[in-house]
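Colleague: Residue numbers (this note's numbering), protein chains in the order written: chain Z, 1 to 264; chain D, 1 to 264; chain C, 1 to 264. C-beta atoms are modelled at their ideal positions from N, C-alpha and C, and glycine is treated no differently. Since the model is a prediction, treat every value here as computed from it, not as a measurement. One structure, pasted below without further comment.
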Amino acid sequence: MTGPIITLLTDFGTRDGYVAAMKGVILDIVPNAVLVDAGHDVQAHDIQAAGWALAQYAFTFPAGTLHLAVVDPGVGSSRDLLVATASNRIFLAPNNGLLHWVTRSAAGFSVHRIRDDICRPEGKSTTFHGRDILAYAAGRLARGFDTIDSMTEPLEELVIPDWGEVRSQGGMLVGEVIHVDRFGNLITNVQRPHLQETRWRTLTIQAGGGIISGIQKAYSDVRRGEPLALFGSHDHLELAVNRGSAAESMGLKRGARVLVQIEL
Amino acid sequence: MTGPIITLLTDFGTRDGYVAAMKGVILDIVPNAVLVDAGHDVQAHDIQAAGWALAQYAFTFPAGTLHLAVVDPGVGSSRDLLVATASNRIFLAPNNGLLHWVTRSAAGFSVHRIRDDICRPEGKSTTFHGRDILAYAAGRLARGFDTIDSMTEPLEELVIPDWGEVRSQGGMLVGEVIHVDRFGNLITNVQRPHLQETRWRTLTIQAGGGIISGIQKAYSDVRRGEPLALFGSHDHLELAVNRGSAAESMGLKRGARVLVQIEL
Amino acid sequence: MTGPIITLLTDFGTRDGYVAAMKGVILDIVPNAVLVDAGHDVQAHDIQAAGWALAQYAFTFPAGTLHLAVVDPGVGSSRDLLVATASNRIFLAPNNGLLHWVTRSAAGFSVHRIRDDICRPEGKSTTFHGRDILAYAAGRLARGFDTIDSMTEPLEELVIPDWGEVRSQGGMLVGEVIHVDRFGNLITNVQRPHLQETRWRTLTIQAGGGIISGIQKAYSDVRRGEPLALFGSHDHLELAVNRGSAAESMGLKRGARVLVQIEL
């Protein structure tokens, strides 16, 4: 019998031993857990980037997978810690917006608050709830020592971050860059349905002083070093440069405005 | 039956395939090993940082866990390779101080020297004992092909690093920064007992020209961007900035002097 | 029964969730797979560095291991995806030279092209074949749902990269730096047989304006900070600096010319 799958996403890096401390706590409770590193190089305190990353993999894992995500600048304050379920996966994370993209793409989202008395027998520090509460709670759930019901209480209010919605304005779509990936691809909040994809005749994208015409199928549809727009693996509109970095060559960061003009 | 847990900590990074080479050696001997990446982004040759990281997770893992730690600037020289046991965990590492913090926090420490004839059948290089000796030895131990006794001999002298002890001077405690973590938190060698915590009335910390008064419970006890002192998850005195980097804003590095004045 | 071992090497980094998306696809098909991170910090699009890294670990793993390697700047173009076998390990990678060093060091290399209809039921994006094809194919092979024969067709032409061969010229060997590792060691394409090792009396290496005499056994055979040459763990001639970075102190990068003069 294969053990329960538990993924870990943090902004801890791996050079301080913090992630490993969490892994130890989990394996001490559930020795046959299948621990999967999702990533620990999210920029420190960058909830938005972590939330985006989480949505890229949450639902490729089998039902029953437990996803632990710890980017927690409010550790030690009164912020809640959550256990959520969405499309038959279980999520543990602080109540700070980290689950935003997951909740948007999932069916049947429900969320609960971890009770204040839940922590490992050694007690809880004020600076490392990833180890003292979340890893411990994940282990207990995975092992079957607790259920979501037995360790949670109702949540008062889920934090809904304000990360920019697409607007219509003067015949244009006004979107923004919501994630810049390792390759410098600029991922926007514009999705397929926004573009009424099958109906437009011409489409022009303005961003950072540059203009891109039309939507390509693949990076290689333009010459090396040329900019393009396409729908990425996440079905969001993405600005890219073939074998290059759009972030660098267009000088854009997260939050940059992206205008899309469509002629039907 | 779950296989033996083996953690890996190195300064190898992951872009050259060196860590994976060690994983292959282990899995070739003990296919059901549970390999756990503790971290590979320790700065090259930084024994002190690796030793600190190791102590953060060594004892959250279940008894019987085998911790492999390879930061080995003396590879190929006559330095010893060690197998140590502490609090029922097993450690394999070079004899260069890497086990310092573990030995300080553990009960029942004993240490042995790996014999010179222990190496994988392919032979040993002079530059990669992590692969040729330590991973091989870890695999043999984990599989039960060898015992500590069968692969070691007495150690002549354990290297004790000189990483700074807290001193009392002119009514002050003189400590120093012993680790700077990914978030820029400055971890000092001052521990709870040094501060006679329950007894002081006022406490002032001087470091790098700045002054911090009192000890907080959590980062969020001060305003965003403000400095503070607290006991971190490791029970050492830590200088931090709420949602910021103390290392950056105070301009301090490892080795920086930290003065603590207590009025009882 | 231990599950099949599948290693992953990519240039994806770990902060965007891309690697985790692949892991989810695999575990969804073969829940008892033993996933091994080989590394994800290869520089973006650097096929040559990835190919070198792969060769460092491919054959330390047990026979039957499945090595997945995704550095794929041509994703979405008509480039092939490969399944290869070499020395009883299985490799999945784009047809772009990534398997070059593996094929050179392996016995019994054979290679096939993954058919265009192979992709996960969700369909294939044009930007992430690591997830939609390669991880899926790896999972199917590992689980036994497919065989190499059932998912491939003959390959027309294997891409053979032009990464520099050692030449003889004017009584000298002319080689080059083919990899710079994390420590700044300069690994060259000169191998033991080139040097007729047992026969030379004096040997001089010229690189980047510096001259190194003789070949040492270990880094520690010279003083700290001094340059040296030795055969690394891969049996290639390597230029290094004891406890320092040869790349930095000699100012050399990949591709730099290395001249070796031998007197027999």
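Can you tell me which residues form a DSSP beta bridge with Asp37/D?
Modeller: What you label residue 37/D is simply residue 37 of the second sequence in a count that begins at 1. Leu8/D.
Colleague: For Glu153/D, which beta-bridge partners are listed by DSSP?
Modeller: Position 153 of the second sequence, counted from the first residue, corresponds to residue 153/D. For Glu153/D, which the question treats as bridged, DSSP gives the partners Arg113/D.
Colleague: Provide the residue(s) that pair with Glu238/D in DSSP beta bridges, ordered along the chain.
Modeller: Position 238 of the second sequence holds residue 238/D. According to DSSP, Glu238/D bridges with Ile187/D and Leu230/D.
Colleague: Closer than 7 angstroms, CB to CB, is Ala50/Z near chain D or not?
Modeller: Sequence index remark: in the first sequence, residue 50/Z carries index 50 (1-based). So no, Ala50/Z is outside the interface.
Colleague: In the DSSP assignment, find the alpha helix (DSSP H) that holds Glu248/Z and state where it starts and stops.
Modeller: Mapped onto the first sequence, residue 248/Z falls at position 248. Per DSSP, Glu248/Z belongs to the alpha helix (DSSP H) from Ala246 to Met250.
Colleague: Could you tell me which of Pro31/Z, Ala55/Z, Thr126/Z and Gly210/Z sits nearest to Trp101/Z, measuring between CA atoms?
Modeller: On the first sequence, residue 101/Z is found 101 positions in, with the first residue counted as 1. The shortest C-alpha separation from Trp101/Z is found at Ala55/Z.
Colleague: How is the beta strand (DSSP E) around Ile178/D delimited, first residue to last?
Modeller: Position 178 of the second sequence, counting from 1, holds the residue named residue 178/D. Counting along the chain, the beta strand (DSSP E) containing Ile178/D begins and ends at Met172 to Val180.
Colleague: Counting along the chain, where does the alpha helix (DSSP H) carrying Ser105/D start and finish?
Modeller: Numbered from its first residue, the second sequence carries residue 105/D at position 105. Element bounds for Ser105/D: His100 to Ser105.
Colleague: Tell whether a beta-carbon distance below 7 angstroms holds between Asp16/D and Ala53/C.
Modeller: Here residue 16/D corresponds to residue number 16 of the second sequence, with the count starting at 1. Here residue 53/C corresponds to residue number 53 of the third sequence, with the count starting at 1. Yes; because the gap between Cβ atoms is below 7 angstroms, this pair is in contact.
Colleague: Are Arg104/Z and Thr65/Z closer than 7 angstroms when you measure CB to CB?
Modeller: Reading the first sequence from its first residue, position 104 is the one you call residue 104/Z. Reading the first sequence from its first residue, position 65 is the one you call residue 65/Z. Contact: no.
Colleague: For Glu248/D, count the other beta carbons within 10 Å of its own beta carbon; 16 or more makes it buried, fewer makes it exposed. Which is it?
Modeller: As a working mapping, residue 248/D is identified with position 248 in the second sequence. So Glu248/D counts as exposed.
Colleague: So which residues of chain D does Asn268/Z contact, with C-beta pairs closer than 8 angstroms?
Modeller: An answer regarding residue 268/Z cannot be provided, because it is not within the stretch 1 to 264 covered by chain Z.
Colleague: Report the CB separation of Gly13/C from Asp41/Z in whole angstroms; it is logged as a contact under 8 angstroms.
Modeller: As a working note, residue 13/C is residue 13 in the third sequence. As a working note, residue 41/Z is residue 41 in the first sequence. About 6 angstroms; that satisfies the 8 angstroms criterion.
Colleague: If you run the structure through DSSP and keep just helix, strand and coil, what is Val25/D?
Modeller: Stepping through the second sequence from its first residue, residue 25/D is reached at position 25. Correct three-state label for Val25/D: helix.
Colleague: Any Cβ of chain C within less than 7 angstroms of the Cβ of Asp46/D?
Modeller: For this step, residue 46/D is matched to residue 46 along the second sequence. No, Asp46/D lies away from the interface with chain C (no Cβ there is under 7 angstroms from its Cβ).
Colleague: Check the C-beta distance from Asp46/D over to Val71/D and give it rounded, since I have them as a contact under 8 angstroms.
Modeller: Translated into positions along the second sequence, residue 46/D becomes position 46. Translated into positions along the second sequence, residue 71/D becomes position 71. Contact flag correct, Cβ pair sits at about 7 angstroms.
Colleague: Locate the alpha helix (DSSP H) running through Ile215/D, then write down its first and last residues.
Modeller: Counting from one through the second sequence, the residue named residue 215/D turns up at place 215. Per DSSP, Ile215/D belongs to no alpha helix (DSSP H) and is neither H nor E.
Colleague: For Ile47/C, which of helix, strand or coil comes out of DSSP?
Modeller: Within the third sequence, numbered from 1, the residue matching residue 47/C stands at position 47. Of the three classes helix, strand and coil, the one that applies to Ile47/C here is helix, per DSSP.
Colleague: Expressed to the nearest angstrom, what Euclidean distance is found between the alpha-carbon atoms of Met22/C and Asp132/C?
Modeller: As a working mapping, residue 22/C is identified with position 22 in the third sequence. As a working mapping, residue 132/C is identified with position 132 in the third sequence. Cα to Cα, the separation comes out at about 8 angstroms.
Colleague: Pick helix, strand or coil for Val300/C, following the three-state DSSP scheme.
Modeller: With chain C represented from 1 up to 264, any question about residue 300/C goes unanswered, as that position is not in the structure.
Colleague: For the 8 angstroms Cβ check, are there 3 or more pairs between the segment 178-190 of chain C and the segment 157-169 of chain C?
Modeller: With the cut-off at 8 angstroms, the segment 178-190 of chain C and the segment 157-169 of chain C touch.
Colleague: With DSSP as the reference, label Gly262/Z as helix, strand or coil.
Modeller: Translated into the one-based positions of the first sequence, residue 262/Z becomes position 262. The sequence shown places Ile at residue 262/Z, not Gly. Here Ile262/Z sits in strand by DSSP.
Colleague: From the beta carbon of Ala56/D, is the nearest beta carbon of chain Z less than 7 angstroms away?
Modeller: Residue 56/D sits at position 56 when you count from the first residue of the second sequence. One detail in the question is off: residue 56/D reads as Gln in this sequence, not Ala. So yes, Gln56/D belongs to the interface.
Colleague: Taking Arg113/Z and Pro94/Z to be in contact with their CB atoms under 8 angstroms, please state how far apart those CB atoms are, rounded to whole angstroms.
Modeller: The residue labelled residue 113/Z in the question sits at position 113 within the first sequence. The residue labelled residue 94/Z in the question sits at position 94 within the first sequence. About 11 angstroms separates the two Cβ atoms, so there is no contact after all.
Colleague: For Tyr219/D, return the contacting residues in chain Z, with the cut-off set at a CB-CB distance below 7 angstroms.
Modeller: Taking the second sequence and counting its residues from 1, one reaches residue 219/D at position 219. By Cβ distance, chain Z contributes Val75, Gly76 and Thr127.
Colleague: Quick one: which residues of the segment 149-183 of chain D get their C-beta closer than 7 angstroms to a C-beta of chain Z? List them in chain order.
Modeller: So the close ones are Asp181, Arg182 and Phe183.
Colleague: Does Ser150/Z pass the burial test, meaning 16 or more other C-beta atoms within 10 Å, or should it be called exposed?
Modeller: Stepping through the first sequence from its first residue, residue 150/Z is reached at position 150. With fewer than 16 Cβ atoms within 10 Å of its Cβ, Ser150/Z is classed as exposed.
Colleague: Can you grab the Cα-Cα spacing for the pair Pro227/C / Asp117/D, in whole Å?
Modeller: Numbered from 1 along the third sequence, position 227 holds the residue referred to as residue 227/C. Numbered from 1 along the second sequence, position 117 holds the residue referred to as residue 117/D. Answer to the nearest angstrom: the Cα atoms are 29 angstroms apart.
Colleague: Using a threshold of 7 angstroms, state whether the C-beta atoms of Ser77/D and Ser233/C are closer than that.
Modeller: Taking the first residue of the second sequence as position 1, residue 77/D is located at position 77. Taking the first residue of the third sequence as position 1, residue 233/C is located at position 233. Not a contact, by the Cβ cut-off of 7 angstroms.
Colleague: Where Asp235/Z and Val180/Z are concerned, what is the direct C-alpha to C-alpha distance, given to the nearest angstrom?
Modeller: Translated into positions along the first sequence, residue 235/Z becomes position 235. Translated into positions along the first sequence, residue 180/Z becomes position 180. Their Cα atoms are separated by approximately 15 angstroms.
Colleague: Under the three-state reduction of DSSP, which class applies to Gly130/D: helix, strand or coil?
Modeller: To locate residue 130/D, count along the second sequence from 1; it is residue 130. Helix.
Colleague: Give the DSSP-derived three-state secondary structure of Ser168/D in the structure shown.
Modeller: In the second sequence, counting from the first residue as 1, residue 168/D sits at position 168. Strand, per DSSP.
Colleague: Could you tell me how far apart the beta carbons of Gly24/C and Tyr57/Z are, in whole angstroms, since I believe they sit closer than 8 angstroms?
Modeller: Position 24 of the third sequence holds residue 24/C. Position 57 of the first sequence holds residue 57/Z. Right, their Cβ atoms sit about 5 angstroms apart.
Colleague: Using a Cβ-Cβ distance cut-off of 7 angstroms, determine whether Arg201/Z contacts chain D.
Modeller: Reading the first sequence from its first residue, position 201 is the one you call residue 201/Z. For Arg201/Z, the answer is no, since every Cβ of chain D falls outside 7 angstroms of its Cβ.
Colleague: In this structure, how does DSSP classify Pro73/C when only helix, strand and coil are distinguished?
Modeller: The residue given as residue 73/C occupies position 73 in the third sequence. Here Pro73/C sits in coil by DSSP.
Colleague: Would Pro121/Z pass as an interface residue toward chain C - the criterion being a Cβ-Cβ separation below 7 angstroms?
Modeller: On the first sequence, residue 121/Z is found 121 positions in, with the first residue counted as 1. False, the Cβ-Cβ gap to chain C never drops below 7 angstroms.
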